[in-house]
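Only one structure is covered here, and it is reproduced in the block below.
There are 2 protein chains.
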Amino acid sequence: MSFSVIGKPTRKRDGLEKVTGRTQYLHDLALPQLAHGAILRTRFPHARILHIDTGRAESLPGVLGVITAARVEQRPFGFARDHLALKGGPRDGGKVRCIRDEIAAVAATSDAIAQEALELITVEYEELPAVFDPDAALRPGAPLVHEELGSNLVDLRYHFSHGDVDEALARAAVVVEGTYRLNYVTTACLGTMAAMASWNPDGTLTMWSTTQVPFLYQRALADALGTTGDRVRVVQPPVGGNFGRGLDLYPIDIIAALLARHVGRPVKIAFERLEEFIASPTREPCVIRMRTAADGAGRLLARDAHVVIDNGAYVSWGSTTPYVMLATTAGLYRCPAVRFDTTIVYTNNLYSGSMRGYGNLESTFAVEAQMDDLAERLGMDRVAIRRLNASQAGDVNPQGSVITSCAMRECLDWVEQAIAQPPARQPRPGGKRGVGYAAMFHVGGGARVYRSDGCGAIVKLDDFGALSLLTGASEIGQGSETVLAMIVAEELGVPLERVAVINSDTAVKPWDVGAHASRTTFVAGNAALLAARELKQKLLALAATVMDERPGNLELVEGRVRVKGHPERSLPYERVVRAGHFRAGGRTLVAEAFYDPPNEMLSKDLRGNVSAAYGFAAQAVLVEVDVATGKVDVLKIASAHDVGRALNPPAAEGQIHGGIHMGLGYALSEELVIHEGRVLNPQFMEYALVPAGDMPEVVIRLIETVDEAGPFGAKGLGESGVIPVAAAVANAVKDAVGVRITELPLRPERVHRALAARESAKE
Amino acid sequence: MSFSVIGKPTRKRDGLEKVTGRTQYLHDLALPQLAHGAILRTRFPHARILHIDTGRAESLPGVLGVITAARVEQRPFGFARDHLALKGGPRDGGKVRCIRDEIAAVAATSDAIAQEALELITVEYEELPAVFDPDAALRPGAPLVHEELGSNLVDLRYHFSHGDVDEALARAAVVVEGTYRLNYVTTACLGTMAAMASWNPDGTLTMWSTTQVPFLYQRALADALGTTGDRVRVVQPPVGGNFGRGLDLYPIDIIAALLARHVGRPVKIAFERLEEFIASPTREPCVIRMRTAADGAGRLLARDAHVVIDNGAYVSWGSTTPYVMLATTAGLYRCPAVRFDTTIVYTNNLYSGSMRGYGNLESTFAVEAQMDDLAERLGMDRVAIRRLNASQAGDVNPQGSVITSCAMRECLDWVEQAIAQPPARQPRPGGKRGVGYAAMFHVGGGARVYRSDGCGAIVKLDDFGALSLLTGASEIGQGSETVLAMIVAEELGVPLERVAVINSDTAVKPWDVGAHASRTTFVAGNAALLAARELKQKLLALAATVMDERPGNLELVEGRVRVKGHPERSLPYERVVRAGHFRAGGRTLVAEAFYDPPNEMLSKDLRGNVSAAYGFAAQAVLVEVDVATGKVDVLKIASAHDVGRALNPPAAEGQIHGGIHMGLGYALSEELVIHEGRVLNPQFMEYALVPAGDMPEVVIRLIETVDEAGPFGAKGLGESGVIPVAAAVANAVKDAVGVRITELPLRPERVHRALAARESAKE
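Read top to bottom, the protein sequences are chains A and B.
The first sequence lines up with residues 4 to 766 when you count with the numbering used here.
The second sequence lines up with residues 4 to 766 when you count with the numbering used here.
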């Protein structure tokens, strides 16, 4: 199959606008009479609000209004409906439950006045005993986060069982086990969360949001405000990153709408950086206990995992990450018997949310540690044991995932060879080098977590040959506009620059679940492809009348409609459009499609083919550990990805590159440090992203398996780069200095402590 | 036929937003780094530009750039391609040709700086002899407006001949003749013209405009800038009036784009009020010489008209108004022989543009004066002679207009009766009362002036039952959003408030000619109706599977899908939508349509059925003339309109009411006074709109002929109210005081002078 657009390196279409400072983020937008909102949060992670005095704030000139839980009508929201936007009112026992909790909000004529007003609000608290550890939270007599529930155990459990795990453990040649601790990290988006609400005179609401799931958000926000989704219009200006942050509804959204209603003006709230660190959703902290059994040849026999999740104060989508943890546990490698269970526990810590990889980084960290441990115990090569147990096309794994295309072995082969090429940097004195491997398994053809996993597309073609694709998809920086335009241009055989993508307004764009689960290229891409195909049929049918040929004899190539076999008989396609339009009874060309992938929701026992295709990858990492300080330098990463088809290779590589950067932060430096419920490092000076200059040499290989269900064969890729990094780095550290570290990040003091502990154990 | 939405009084959906100050007009919009543009115009109506010194302006702090014709590349634009946006450069002989002519433009960081910079530009002129009168302009040796053309006669002539006019004039029982002078008036929109241009990093242009024909504008602007329409995106924020002003491309648009390109920033230009009076398009001034012949019974035999149009300095769409003047001359009343010709002449006056009624006010003024004159000569009743000659359904008039529905006689009957009811106000001493009549004939089913007269519509239905109608139509205050939403709601049987209308972005909305010729309700309405009908079929087909019934057995009534004859078996329609969406292989519902009315472009000899339906109306006016001062008070207007079907009666009445207001201004007070090419009254203190308090009693009758081609039977109405007013007022003045005044407006001094002239003639 030869392509004219697909597979060609193509510049991201929002790139130039962003680097030249012309992009209008939500932070830049204004409306007539716009008021600025600000949120007051609790001083204590667990307390009863005895009194809030807003009088001085309200009398500050420029303050338009102050709301508290007592003053507005609220409805619980969130995954478990255990959350109110404003806390401390009569509906939640007058309590706050974590340091993020919102207790008042101010609208003022300027942001500075709103901030000043916050400081004039006096709050009387009764501090309550708090609980910050899941184990402690489950002990009898522990303080209850939600008293009315009678327990801190969240009513949410992911229990899966396949095959006879106990029998397999008993007969295995080798069983490894470990406990793995994963901490809070945050998305650290350069564009903070923001919401702007405007109630229209007819009582409907228009909401400008940093959401990445506009239609789910529309429904959830409407619900929280006691209305219906048809009365909420959601507009998505460009965002400065999201990475899963925009997958849920948050108090900021509801408060903006409540404030706007209260003061009778549009209200915008945008987080300051400090607030973003404290109040934007995080990756969920968890402890994974895992055992893996293999036979003497290294074939996996069983895997048994139990995950304890610190749920924080409210249940969020973050608490549903075991869906993906289970998928990895049961599906990253062929494993005939699998047991998986969870304990999810309320604490007075921060609640989490969705974040790129969604549980997969955590479980891959555990699974891949144990693959190395098994190899070590069996004296096997670490790549060989992975290759032996790798998934293959045709597999159906214990959950019922049907593997249609799979290049996991090829990924392993490639990274093994690539990492063997020495890096540029010479070894440093005292530095010990090691190589680590990890593979990856993730949904790549949508993920049916909602009753529809579909996306709509409308294509309209104008007289100049310009196309507009109205897509349900959400561009959150991942390059979806570019790749969707490429798909339309390729299918129609027209120049790429003729295709505009419209995707930022729920009143305009067709439905879509949203940007999650690496599904946009696959699902929205298929929808765009179907609509383009339909449009092409219409165009060729029209051309047939204009050119006096049968439609079947015509083709659309390089912007011209040609008679097959007679390329000299051709017309520019836009001339065909005009011929159809500019005549009596003429018409313009519009086509639409909706694509819902052939996948299944998981059953109650967590079985089902949740995605229409699956992505695979492998990474190899070369590290150098300074044994004196414990500092881990990553020198090189080789990353191979089964992407089905690389529609826009530099964008695919960019996603992997960005994922590796995020994965290295998770592995080496990033941690949102929470002590007794408080965030100790809520700024970039203290929250250590990996600086650009510290990025290692990255070599990437895109392997094309041409998935039969994907658009031009493509599968999802957006989360693939980030997932294995921490696992591979930890394995490389083990290879370099011989210590298995089971908690992230691998900061120097942690590595140093581990080395010192081993030395003292030897003594 | 019973309706649930159609025919019900429905509030204009943009009304609340406008009266509460929440509407964001183009004047309110900003972009990052927005520069403010201002235009320098010539001081003389005809001159050669010897030198422009922009140095001092450029060195003013805050000035970003200054352009002149010498500095930018330009392409001629306009109906006759005789116009450059910036004048005085090498391409136009270094000349300016009217007082509106643009010779330089400044972009600055604020509007005040831009205005200040204009004053720092020094221009050296060589004044040229000028010509301000069409007759003088055609005399040998007259100064030439465009030397290269060798003549001031515009190469544009509307010549029509049907039947033997000379023979009819010869054998007629009576022939009346007259010369009618119509002057400049302006649209006086409360929102001035504005344009904001932003060149995108990829070299495409986004243009925010007050246009009312976005797709024609897109093409024309692209052409003027040397690019193609696919590289220009046009956004239409709400406008504060348009009335035809937005039917063309103007220098402001091109200059905004050129300035933006020059300074590398987005640029906005918005007219000040004074500039709006000077530089926004006007109704074209003309002189109509007309003769009408009738037999002894009052039956029309022939009409012969010659129109001289003062074209001003450049040819605009305003110079094409003879199309409509001819239609009225040949079609307002049955007339077997018609001759029509034009002389269109360049002068150094302002050029005109399109304005509501588009030539029809002028020719109706002449035709209706002669109907009265004929009645007087024949001793007939003035309504009787009109009734006798009125068009009827089934007529095909001399141009070939096919009259399908027509209630012209009923309109005449009704206004005759209505005006006979005495008004509230008692006669004043010295006041003489009179009644005048005029009828109206205008396109009401589109007007094929462009190769397509069509409009597209896309309807999407979401899970909450909310519908979005993406329409090509342009809302310019006429209420199109409201009526289009009503059409969709009615056809689908769903609540009106569930329908949103999206119509302001060429990248999003399907193609449409634009808002002109009273075509939106008819053409865009039919497109919306077809799309809604298609959606309904899809919805019922889906409901059939959900409810296990045949689609033909189902109906959609009051928001529920019901089994016919078993209303108890029903489902809310949105539940059907969700059932279709939220399942494996589900889909959402989208439908699209394009409607191009069955009408014809006029042939070279100006024949053809240009509209798919025609609107008719009659007005009767009661005036009181103060014979001492000549002041004309209009006490009452009765206005009856064949609207086919009144889809939204108060909106239809509102259009008529607004039209009457505009028509009264034309009749009594409004005139843009031009002396030697200069505008003497460019402000509202001097340009006398009719104050709201001076509005007479207005009684309106909407007559429903239910046109077979119209959406639910509706025909166009937007221009109907304004057209006959001046004619009826002049006829009423004649009736009151016996003088026939043939020039507008009927200001006191003109009436007084006519009365005095009659008295001195008597003496």
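All C-beta atoms in this analysis are idealised placements derived from N, C-alpha and C, irrespective of residue type, glycine included.
Nonlocal neighbours in the same chain, by C-beta distance under 7 Å from residue i, ignoring five residues either side
{"i": "F2 of chain A", "result": "No answer is possible for residue 2 of chain A: the residues shown for chain A start at 4 and end at 766."}
{"i": "I659 of chain A", "result": "S642, H644, I703, S723, G724"}
{"i": "T485 of chain A", "result": "T13, K15, R16, N651, A654"}
{"i": "T509 of chain A", "result": "P217, F218, Q221, R236, V237"}
{"i": "Q118 of chain A", "result": "A41"}
{"i": "I116 of chain A", "result": "L63, G65, V66"}
{"i": "L244 of chain A", "result": "Here residue 244 of chain A is Gly; the residue named in the question, Leu, does not match the sequence. Answer for G244 of chain A: T190, C192, L193, G194, G480, listed in chain order."}
Beta-carbon contacts of residue i that lie in its chain and below 6 Å, excluding the five residues immediately before and after
{"i": "K98 of chain B", "result": "R51"}
{"i": "E130 of chain B", "result": "F47, A50"}
{"i": "V168 of chain A", "result": "A305, D307, A340, R342"}
{"i": "T345 of chain A", "result": "R160, Y161, V310, P325"}
{"i": "V126 of chain B", "result": "I55"}
{"i": "R385 of chain B", "result": "D375, A378, Y440"}
{"i": "V75 of chain B", "result": "L261"}
{"i": "S614 of chain B", "result": "V446, G448, G449, A450, N602"}
{"i": "G716 of chain A", "result": "G647, R648, V709, D710"}
Sub-8 Å separation of residue i and residue j beta-carbons
{"i": "V134 of chain B", "j": "A316 of chain B", "result": "no"}
{"i": "V702 of chain A", "j": "A641 of chain A", "result": "yes"}
{"i": "M604 of chain A", "j": "R451 of chain A", "result": "yes"}
{"i": "D313 of chain B", "j": "G434 of chain B", "result": "no"}
{"i": "F444 of chain B", "j": "S483 of chain B", "result": "no"}
{"i": "V438 of chain B", "j": "L625 of chain B", "result": "yes"}
{"i": "I106 of chain A", "j": "L87 of chain A", "result": "no"}
{"i": "G468 of chain A", "j": "Y354 of chain A", "result": "no"}
{"i": "L545 of chain A", "j": "G583 of chain A", "result": "yes"}
{"i": "V580 of chain B", "j": "D466 of chain B", "result": "yes"}
Cβ-Cβ separation, residue j to residue i (assumed contact under 8 Å), whole Å
{"i": "P748 of chain B", "j": "S672 of chain B", "result": "5 Å"}
{"i": "P143 of chain A", "j": "I490 of chain A", "result": "That belief does not hold up - the Cβ atoms of P143 of chain A and I490 of chain A are roughly 58 Å apart, past 8 Å."}
{"i": "G666 of chain A", "j": "K718 of chain A", "result": "With a Cβ gap of about 19 Å, G666 of chain A and K718 of chain A do not count as contacting."}
{"i": "A476 of chain B", "j": "L487 of chain B", "result": "6 Å"}
{"i": "A60 of chain B", "j": "I124 of chain B", "result": "5 Å"}
Strand pairing of residue i, partner residues [DSSP]
{"i": "S642 of chain B", "result": "B:Q622, B:I703"}
{"i": "S164 of chain B", "result": "B:R342"}
{"i": "V682 of chain B", "result": "B:I677"}
{"i": "E127 of chain B", "result": "B:H54"}
{"i": "I70 of chain A", "result": "A:A108"}
{"i": "M443 of chain B", "result": "B:A620"}
{"i": "M328 of chain A", "result": "Answer is none; M328 of chain A lacks a bridge partner."}
Contact set for residue i: own chain, Cβ-Cβ below 8 Å, skip 5 residues either direction
{"i": "I406 of chain B", "result": "S394, Q395, A396, G397, D398, V399, N400, Y617"}
{"i": "Q77 of chain B", "result": "L87, A88, L89, G92, R94, A227, I257, L261"}
{"i": "V511 of chain A", "result": "L473, I505"}
Check whether the segment 643-659 of chain A and the segment 402-415 of chain A touch, using three or more Cβ-Cβ pairs below 8 Å as the test.
Because the criterion of three Cβ pairs below 8 Å is met, the segment 643-659 of chain A and the segment 402-415 of chain A touch.
Would you be able to state if there are at least three C-beta pairs under 8 Å between the segment 490-507 of chain A and the segment 439-457 of chain A?
no
For the segment 281-296 of chain B against the segment 174-190 of chain B, are there 3 or more C-beta pairs whose distance is under 8 Å?
yes
I'd like to know if the segment 271-282 of chain B and the segment 676-694 of chain B are in contact, where contact means that at least 3 CB-CB pairs between them fall below 8 Å.
yes
Does the segment 241-256 of chain A come close enough to the segment 194-213 of chain A to have 3 or more Cβ pairs within less than 8 Å?
Contact holds: three or more Cβ-Cβ distances are below 8 Å.
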